[in-house]
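Data first, discussion second: the structure below is written as structure tokens.
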Amino acid sequence: MALTPTRQIPLGFTAPDFSLPDTVSGKTLSLDELASDKATVVMFICNHCPYVKHVNEGLVQLAQDYLLKGVAFIAISSNDVANYPEDSPARMTAMAKTLGYPFPYLYDETQEVAKAYSAECTPDFSIFDGDRKCVYRGQLDGSRPGSGTPVTGEDIRKALDAMLAGESVSAEQIPSVGCNIKWK
39 MALTPTRQIP
49 LGFTAPDFSL
59 PDTVSGKTLS
69 LDELASDKAT
79 VVMFICNHCP
89 YVKHVNEGLV
99 QLAQDYLLKG
109 VAFIAISSND
119 VANYPEDSPA
129 RMTAMAKTLG
139 YPFPYLYDET
149 QEVAKAYSAE
159 CTPDFSIFDG
169 DRKCVYRGQL
179 DGSRPGSGTP
189 VTGEDIRKAL
199 DAMLAGESVS
209 AEQIPSVGCN
219 IKWK
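Residue numbering for the sequence shown follows the numbering used here, beginning at 39 and increasing consecutively.
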């Protein structure tokens with residue numbers, strides 16, 4: 039594992055389109071089908087990363103709290119499954135069901151979607167407004183495995199609360215950190 043931060047790129051970029059298989063429903067889903075006109079959280083995660091394992095329950099709670107407010111959540115795994123079989127679609131399905139993911143868990147086999155989003159790590163978070171412009175690219179919160187700091191989703195919650203209140207999201211954003219995406 040190489041500790042890797044989110045690549046900081048200028049905010050305001052448009053969410054790249056995609057169509058990917060959902061490992062839970064078996065359907066191919068597109069950004070058009072999944073995005074919200076209020077806010078859309080795109081998360082690059084995987085099964086095996088200890089940083090993702092650390093925040094998984096917090097991601098479920100965050101989504102449960104904000105789905106009711108019209109926020110969309112999309113999880114994508116782009117890891118090389120030949121070398122990381124724990125991240126295979128079948129295991130993604132099992133993980134999503136075990137944890138009760140209330141959001142789709144999509145498989146990016148070609149890794150083109152991760153590249154289009156400039157994703158570097160798991161977890162890697164971006165939030166897009168109703169026009170699909172990126173307004174947040176940072177950490178879930180300050181918790182890390184072994185830190186003793188509880189997972190609250192504080193940073194993403196602040197961004198979503200501002201968006202839902204019609205306010206600007208703070209430009210002060212701390213990059214997420216985690217395992218590097220396992221490129222082919």
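Glycine included, each C-beta is placed from N, C-alpha and C at the ideal position.
Quick caveat, the model's predicted, so the values are computed rather than measured.
Item	Value
Option in G108, H86 and I114 with minimal Cα separation from S68	I114
Residues near D60 by beta carbon distance below 6 Å, same chain, minus five either side	L67, P142 and L144
S181 and H92 closer than 8 Å at C-beta	yes
Beta-bridge pairing of G216 - partner residues as DSSP gives them	T42
Segment limits, beta strand (DSSP E) that includes D167	D162 to D167
Stretch pair the segment 109 to 123 + the segment 177 to 196: three plus CB contacts closer than 8 Å	no
As assigned by DSSP and simplified to three states, the class of V90	helix
Helix, strand or coil at T187 [DSSP, three-state]	coil
Whole-angstrom distance between G191 and L97, CA atom to CA atom	8 Å
A113 in three-state terms, based on DSSP	strand
Supposed close pair S214, T44 - CB separation, criterion 8 Å	5 Å
L58: first and last residue of the uninterrupted alpha helix (DSSP H) it sits in	Looking at the DSSP string, L58 is not in any alpha helix (DSSP H); the run it does join, the beta strand (DSSP E), is S57 to P59.
Beta-carbon contacts of I194 that lie in its chain and below 6 Å, excluding the five residues immediately before and after	L178
Inter-residue spacing [alpha-carbon to alpha-carbon] between I47 and T148	22 Å
Proximal residues to V189 (C-beta, below 6 Å), its chain only, five neighbours per side dropped	V93, G96 and S181
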